[in-house]
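Protein chains in written order, with the numbering used here: chain A, -17 to 396; chain B, -17 to 396.
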């Protein structure tokens, strides 16, 4: 089964929000072996909506549409959908009661505005996807053997409806073709060296097994995809690749490096602590964003001011005076200080000039020192990123995790 | 001028990465009054690429394509582009020298793989968009009065080429139609109440000025867009809305609440500190992600373990024993403790059960206490989110910023 996703709303086109909904839907459908072949973001005009529905329904079996179901005027979606299917809008009594109930809970002494009442309008004869967590109902429409789902764009409402209304429906559909994915997360080899190292395995892949490279800062993710049945199953090639890449393999499934770190540290009863200056909490939030992080993370310090670096982390006044906050000596003292403070086995420290301000001829924007301290030693690296603030922070975080992983693997093999 | 963006690569369709490139390009084009009318994400197959180019070129004047220019096999983009325009691929000497130079810098003792050499191949007669920061060159092609730009998908390379190669080109184009946007960030009013409160202003808008609502957790962003000339300019309506919304207005330009907080605190010489448990550094990284944060932020503590809450923040053992870590008393002591520790004027503290583990019948997943401590008082709120870990964290962060903003505005008017 092939699917397409259509997102409605100027906010994505204007770049005011990033379309994370579609990525999430893509993941969910992929798990059900439904291939998303196109994602289309369009404006909330009748013409754009009709055209997109028309084109998508010619290419795909399942069309999932998000957005354009809010209570305010800028939404013409429902009228357009109704006309597209040659239907009227009708007010759904159950949805109206639900919307009224939610409204009364929030504002018991006010009368519900008409725009909210209109949220209970749905396309005639559609299957209402009841929205327990918000006011905008979803709609499911089957038309000429094609399935259409219309969902609100608010991420947690969309996720609720996909999880509880749409996926159960799709799981019952027997026509799904088998697709199997296998992943390897590798570290320490650039994309082209990696490609050369595994060229013979890649060349031996059968027609229906495809290898894709997804390079990220400091690591490369490999994805093997088997479409349909295969005489030699995808697991065979997966194992070959894992064996060939040896200690470059961080994980043999599709996890982030943060997940790999949290799992490995929790398994080995190790604790990590962080002392962040230029990354300002991003390393800690990357780790604590992973479920189960509390087993291996107790404490992170965002030491933005030198006073905090001294008082909390024990960075020496002389160090800051002689070398400055962005220096190898400072990150070493930060890393060792927080490790001690938190009673951890490993620690990460960062100090740098994220930009756009704060650069000097000596230490231009993008100058970043990272220290990783472990059981046996403290290692440092100096980076010269040349990007904007957000990317400098992101790359520092990625490099810090890569350094930590390398030390962890190294210590483990000792 | 109308534009479309096409992103190539299975990673977006599979949901393995979120398409943040398109949002960024949308923002840049919008500043030049170029309207992005569609964003299309497709697979890296010749058929999908040809079809997308064909459809987009019928609708838009400018087509920006990202992705599919990496050095490895899964990329058929360049061959397909060349055929689409009826051209051949030719190897560019200047690009080849650049790719070789970059390679030698990284691996001076190795011979460059063939896949890297092929990165210097470009479509015959195209204008090469020289890529100073990476190996994949961009290409600019004019065909039947339509402009096509092909860019690598690596975000910082794409951004480099857009900023330094494409925007300068577009700025010279005289045919651009005038579009003006004005924004209001409002807090404390739900979307429908807001709509009712400003209904008469909205109804008085001329045809060519459009009002859009973008609700986010805890706030609503309003956008007025004027297309072409207007007798009554958009600023008039913007001022009317600002006046009507009064103290609900956080900002009169398109900024995030983090930006508004950093600017306001820096202007007023105020310092903020954070003590985070369930948000794990996300509040600190939200603040420090804003350029200039160092003027108002010195210190953040991620106190994941109770020991850290006690030792660093001064949370009392009795408090933790009697009420638990997720309690009003704990977040009050965390907020007041970090304020004192950091010597700050305001502080935020969070403690909750982000999930998916850790819930109890008494305190289910999504139970979150937030405290905000200011010049005169400490205020708390209890939330019952019912989402997954990432969203629970995101919503906690958003609510914490909203609480902080409200206290700041309240204190200021006192």
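Built from N, CA and C at the ideal position, the CB exists for glycine as well. Since this is a predicted model, take the numbers as computed values, not measurements.
Beta-carbon proximity of residue i to residue j, cut-off 8 Å
i, j, result
"residue 263 of chain B", "residue 270 of chain A", "yes"
"residue 45 of chain B", "residue 130 of chain B", "yes"
"residue 204 of chain A", "residue 193 of chain A", "yes"
"residue 78 of chain A", "residue 102 of chain A", "yes"
"residue 403 of chain A", "residue 310 of chain A", "No answer is possible for residue 403 of chain A: the residues shown for chain A start at -17 and end at 396."
"residue 43 of chain B", "residue -16 of chain B", "yes"
"residue 347 of chain A", "residue 330 of chain A", "no"
"residue 260 of chain A", "residue 375 of chain A", "yes"
"residue 437 of chain B", "residue 316 of chain B", "With chain B covering only -17 through 396, there is no way to say anything about residue 437 of chain B."
"residue 380 of chain B", "residue 199 of chain B", "yes"
"residue 28 of chain A", "residue 62 of chain A", "yes"
"residue 71 of chain B", "residue 104 of chain B", "yes"
"residue 387 of chain A", "residue 243 of chain A", "yes"
"residue 139 of chain B", "residue 53 of chain A", "no"
"residue 84 of chain B", "residue 117 of chain B", "yes"
"residue -10 of chain B", "residue 24 of chain B", "yes"
"residue 295 of chain B", "residue 323 of chain B", "yes"
"residue 59 of chain A", "residue 107 of chain A", "no"
"residue 338 of chain B", "residue 370 of chain B", "yes"
"residue 176 of chain A", "residue 202 of chain A", "yes"
"residue 394 of chain A", "residue 355 of chain A", "no"
"residue 378 of chain A", "residue 366 of chain A", "no"
Beta-bridge pairing of residue i - partner residues as DSSP gives them
i, result
"residue 351 of chain B", "B/333, B/364"
"residue 403 of chain A", "In the structure as shown, chain A starts at -17 and stops at 396, and residue 403 of chain A therefore has no counterpart that could be examined."
"residue 281 of chain B", "A/285, B/255"
"residue 20 of chain B", "A/24, B/-14"
"residue 128 of chain B", "B/125"
"residue 209 of chain A", "A/161"
"residue 133 of chain A", "A/48"
"residue 71 of chain B", "B/105"
"residue 328 of chain A", "A/254"
"residue 1 of chain A", "B/1"
Assumed close pair residue i, residue j - CB separation to whole angstroms, cut-off 8 Å
i, j, result
"residue 398 of chain A", "residue 223 of chain A", "With chain A running from -17 to 396 in the structure shown, residue 398 of chain A is simply not present."
"residue 258 of chain B", "residue 266 of chain B", "7 Å"
"residue 94 of chain B", "residue 110 of chain B", "Rounded, the Cβ-Cβ distance is 19 Å, inconsistent with contact."
"residue 22 of chain A", "residue 38 of chain A", "7 Å"
"residue 164 of chain B", "residue 231 of chain B", "Not confirmed; about 12 Å, so no contact."
"residue 0 of chain B", "residue 0 of chain A", "6 Å"
"residue 272 of chain B", "residue 240 of chain B", "5 Å"
"residue 144 of chain A", "residue 9 of chain A", "Actually they do not touch by this definition, with Cβ atoms about 10 Å apart."
"residue 253 of chain A", "residue 307 of chain A", "No, residue 253 of chain A and residue 307 of chain A are not in contact; Cβ-Cβ is about 26 Å, not under 8 Å."
"residue 115 of chain B", "residue 229 of chain B", "Incorrect: roughly 45 Å between the Cβ atoms, too far for contact."
"residue 190 of chain B", "residue 212 of chain B", "6 Å"
"residue 291 of chain B", "residue 312 of chain B", "7 Å"
"residue 206 of chain B", "residue 195 of chain B", "Wrong, their Cβ atoms sit about 11 Å apart, outside the cutoff."
The alpha helix (DSSP H) enclosing residue i, as first and last residue numbers
i, result
"residue 192 of chain B", "Residue 192 of chain B -> not in any alpha helix (DSSP H); beta strand (DSSP E) instead, spanning 191 to 198."
"residue 66 of chain B", "59 to 66"
"residue 390 of chain A", "371 to 395"
"residue 45 of chain B", "Run containing residue 45 of chain B: none in the alpha helix (DSSP H); it sits in the beta strand (DSSP E), 44 to 48."
"residue 81 of chain B", "75 to 88"
"residue 176 of chain B", "173 to 179"
"residue 124 of chain A", "That residue, residue 124 of chain A, is in no alpha helix (DSSP H); its beta strand (DSSP E) goes 120 to 125."
"residue 244 of chain A", "239 to 249"
"residue -8 of chain B", "-8 to -5"
"residue 14 of chain B", "Careful: residue 14 of chain B lies outside any alpha helix (DSSP H) and carries neither H nor E."
"residue 98 of chain A", "96 to 99"
"residue 301 of chain B", "299 to 305"
Opening and closing residue of the beta strand (DSSP E) in which residue i lies
i, result
"residue 109 of chain B", "109 to 111"
"residue 314 of chain A", "No beta strand (DSSP E) contains residue 314 of chain A, which is instead part of the alpha helix (DSSP H) from 310 to 324."
"residue 147 of chain B", "Here residue 147 of chain B belongs to no beta strand (DSSP E), and DSSP marks it neither H nor E."
"residue 345 of chain A", "Residue 345 of chain A -> no beta strand (DSSP E), and no H or E assigned at all."
"residue 104 of chain A", "103 to 105"
Is there contact between the stretch 299 to 306 of chain A and the stretch 266 to 283 of chain A, where contact requires at least three CB pairs shorter than 8 Å? no
Count Cβ pairs between the stretch 11 to 19 of chain A and the stretch -10 to 0 of chain B that sit closer than 8 Å; are there 3 or more? yes
Contact the stretch 178 to 186 of chain B vs the stretch 147 to 157 of chain B: 3+ CB pairs below 8 Å: no
At a cut of 8 Å, does the stretch 61 to 77 of chain B reach the stretch 22 to 33 of chain B through at least three beta carbon pairs? yes
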